[in-house]
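A.B. asks: Quick one: this structure, given as structure tokens, is what I'll be asking you about.
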Amino acid sequence: MDASTDSARLAGLVARVAAHDRAAFGELYAATRAKLFGVVRRILIRGDLAEEALQESYVRIWSNAHRYEPGTASAMTWMVAIARNQAIDVKRRAAERMSAQAVELDDVVLTETKPSAEDTADLRRLRNCLGGLGDDNRDMVLLAYHQGYSREELAEKFARPVATVKTILRRSLMLLKECLDGRA
Amino acid sequence: MAEPEEAAEYVLGTLDASERAAFEARLASDPALAAEVAQWQRRLSPLDDETAPVEPPAGVYGRILERIGPSDNVVQLKRAVSIWRGATAAVSAIAAALILFLVVRTPSPEKGMYLAVLQGENANAPAFVAAVDVGRKMVVVRRLGDAAPTDKSYELWALGGGRDKPQPLGVVDAAMRMPMQDMGPMDGTMLAVSVEPEGGSPTGQPTGPVMFTGKLLSVEGR
């Protein structure tokens with residue numbers, strides 16, 4: 001199944017889930033659970049918290065499916081956004097920092113910057129724009145996106161004041177927007 | 185009015201808790217802001233391909249289903265049963281079956297009418313209700329729970345009552361009414377539903393797991 005039929009199939013399933021079709025919900029879960037669990041686990045690391053976030057994500061998907069608009073994003077992008085939001089909420093609620101385990105994963109994120117043959121054109125373009133930010137700024141954006149780092153956690157890791165981190169993140173995001181939209 | 189950077193930081197996930205809550209409150213009633221958020225999701229979503237898929241533990245889906253509640257027709261049935269129970273004091277399984285009878289518009293019970301409510305292990309909601317009309321030689325089945333998995337069919341069987349092996353009664357979908365060959369003894373008979381390859385068991389005997397069972401009971405009462 002190529003990417004476009006896959007994406008049309010998921011959009012069709014979300015439309016049926018909006019009508020509370022449970023069979024469609026089961027199919028949607030089967031088709032997307034590993035992707036979403038990967039996303040929430042990367043942010044939360046701890047299995048029990050990741051499961052909690054995954055569960056909440058699908059409850060949201062079930063009850064908000066009627067709000068999904070196929071014109072604005074792919075169904076997968078919409079679902080990953082829900083999962084990331086849930087994971088970030090769970091992470092901010094969880095008191096512990098989980099930093100000991102997070103350190104190991106930092107290296108993974110930071111070395112995964114080289115383009116590979118399987119990368120999509122969109123990812124190569126985004127990586128290229130990220131590369132223009134400079135290493136530290138790029139890594140801040142990636143740690144926030146992939147691992148749900150807060151401004152405080154980034155401030156600690158990069159030994160910068162929290163207010164500076166906020167400024168850097170916002171400037172980086174605006175540069176990314178220019179870089180991406182300028183070439184669209 | 186939100187600053188343009190705020191939508192970007194919201195999607196990135198770095199707004200602090202109070203900013204995040206305030207932003208989400210605005211998001212619900214501001215379509216322009218929602219469109220801005222969707223654009224940022226689209227810009228950053230290629231990164232999602234960098235995260236390896238991970239199979240979640242098997243138990244998660246069951247907990248999700250518990251959270252989203254029983255399916256609508258089971259809710260309706262439970263409501264109907266609770267109303268019916270208010271008027272009489274009856275065994276709930278029989279009540280459920282009788283209510284369902286009205287739903288499937290079977291003629292009113294006559295002599296030789298049997299009902300069964302089929303449930304799974306540990307289930308608190310019925311999965312199927314079946315009625316056997318011996319006089320008219322008909323079996324009426326109505327599914328209340330979830331449909332069979334993709335590429336599978338549910339098949340109905342009669343067990344016990346002196347049968348030495350399960351007697352196939354047919355493949356059941358959402359609702360069906362089928363003529364019955366000689367059903368044999370009714371007393372002590374159980375009905376069961378197994379999961380079979382699409383179209384039914386290729387062997388004439390259950391090949392997949394038996395998911396739901398229920399005892400056939402006479403409407404007249406014994």
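In order, the protein sequences belong to chains A and B. Going by my numbering, the first residue of the first sequence is number 1, and it counts up by one from there. Going by my numbering, the first residue of the second sequence is number 185, and it counts up by one from there. All residues carry an ideal CB built from backbone N, CA and C; glycine is no exception.
Counting only beta-carbon separations shorter than 8 Å, does B:A242 have a partner in chain A?
C.D. replies: no
A.B. asks: Mind checking whether B:V355 and B:G398 have CB atoms under 8 Å apart?
C.D. replies: Cβ distance not < 8 Å, so B:V355 and B:G398 don't count as in contact.
A.B. asks: How close, in whole Å, do the beta carbons of A:L54 and B:V244 come, if the pair is a contact with beta carbons under 8 Å?
C.D. replies: 6 Å
A.B. asks: Which word fits B:L286, buried or exposed, when buried means at least 16 other C-beta atoms lie within 10 angstroms of its C-beta?
C.D. replies: Interpretation of B:L286 is limited by its pLDDT of 48, a score under 50 that renders its predicted location unreliable; no figure is taken from the coordinates.
A.B. asks: On the CB-based measure, 16 or more other CB atoms within 10 Å of its CB, does A:S74 come out buried or exposed?
C.D. replies: Looking at its Cβ environment, which holds 16 or more other Cβ atoms inside 10 Å, A:S74 is buried.
A.B. asks: Flag A:Y68 as yes if its beta-carbon sits less than 8 Å from any beta-carbon of chain B, otherwise no.
C.D. replies: no
A.B. asks: Looking at the secondary structure, which residues open and close the alpha helix (DSSP H) in which A:S63 lies?
C.D. replies: G47 to N64
A.B. asks: Is B:P237 buried or exposed, if buried means 16 or more other CB atoms sit within 10 Å of its CB?
C.D. replies: exposed
A.B. asks: Please report the residue range of the alpha helix (DSSP H) in which A:G131 lies.
C.D. replies: It spans A121 to G131 - the alpha helix (DSSP H) in which A:G131 sits, taken as one unbroken run.
A.B. asks: How big is the Cα-Cα spacing for A:R33 and A:V39?
C.D. replies: 10 Å
A.B. asks: Secondary structure at B:L353, three-state DSSP: helix, strand or coil?
C.D. replies: strand
A.B. asks: Would you kindly work out how many angstroms separate the C-alpha atoms of A:Q154 and B:D335, rounded to a whole number?
C.D. replies: Reading off the sequence, residue 154 of chain A comes out as Leu, not Gln. Rounded to whole angstroms, A:L154 to B:D335 spans 49 Å at the Cα level.
A.B. asks: So with Cβ pairs under 8 Å, would you call B:S408 a contact of chain A?
C.D. replies: Here chain B covers residues 185 to 406 and nothing more, so residue 408 of chain B does not appear.
A.B. asks: Excluding the 5 residues flanking A:C179 on each side, which residues of the same chain have their C-beta closer than 7 Å to its C-beta?
C.D. replies: C129 and G132
A.B. asks: Is there a C-beta anywhere in chain B that falls below 8 Å from the one on A:A11?
C.D. replies: no
A.B. asks: Looking at B:V316: is its Cβ nearer than 8 Å to the Cβ of B:M362?
C.D. replies: no
A.B. asks: Given this structure, state the Cα-to-Cα distance separating B:D371 from B:E382, to the nearest angstrom.
C.D. replies: 31 Å
A.B. asks: Would you decide whether B:A219 is buried or exposed? Buried here means 16 or more other CB atoms lie within 10 Å of its CB.
C.D. replies: Classification of B:A219: exposed, given that the 10 Å Cβ count is below 16.
A.B. asks: Would you mind reading off the limits of the beta strand (DSSP E) that contains A:K91?
C.D. replies: From DSSP, A:K91 is part of no beta strand (DSSP E) but of the alpha helix (DSSP H) over A75 to R93.
A.B. asks: Can you confirm whether B:E239, when its beta carbon is compared against all beta carbons of chain A, has any partner nearer than 8 Å?
C.D. replies: yes
A.B. asks: Could you check whether the Cβ of B:G388 sits closer than 8 Å to any Cβ belonging to chain A?
C.D. replies: no
A.B. asks: Closest by CA to A:R46, which one among A:A87, A:R22, A:E69 and A:N64?
C.D. replies: A:A87
A.B. asks: Whose C-beta lies closer than 6 Å to the C-beta of A:L13 among residues of the same chain, with five residues either side of it excluded?
C.D. replies: A24, E27 and L28
A.B. asks: Which one of A:A31, A:G148, A:I61 and A:D119 has the shortest CA to CA distance from A:A19?
C.D. replies: A:I61
A.B. asks: In chain order, what residues of the same chain have a beta carbon less than 6 Å from the beta carbon of B:I346, not counting five sequence neighbours either side?
C.D. replies: It is Gly, not Ile, that sits at residue 346 of chain B in the sequence shown. Here the set comprises P369.
A.B. asks: Could you name the residues of the same chain whose beta carbon sits closer than 7 Å to that of A:R42, not counting the 5 residues immediately before and after it, in chain order?
C.D. replies: H146 and Q147
A.B. asks: For the region 38 to 52 of chain A, which residues have a beta carbon sitting closer than 7 Å to at least one beta carbon of chain B?
C.D. replies: Hits within the stretch, in order: G38, V39, R41, R42 and E51.
A.B. asks: For B:A191, which residues from the same chain have a beta carbon less than 7 Å from its beta carbon, with the 5 sequence-adjacent residues on both sides left out?
C.D. replies: Cβ contact annotation for B:A191 (same chain, cutoff 7 Å, sequence separation greater than five): L217, E220, V221 and W224, in chain order.
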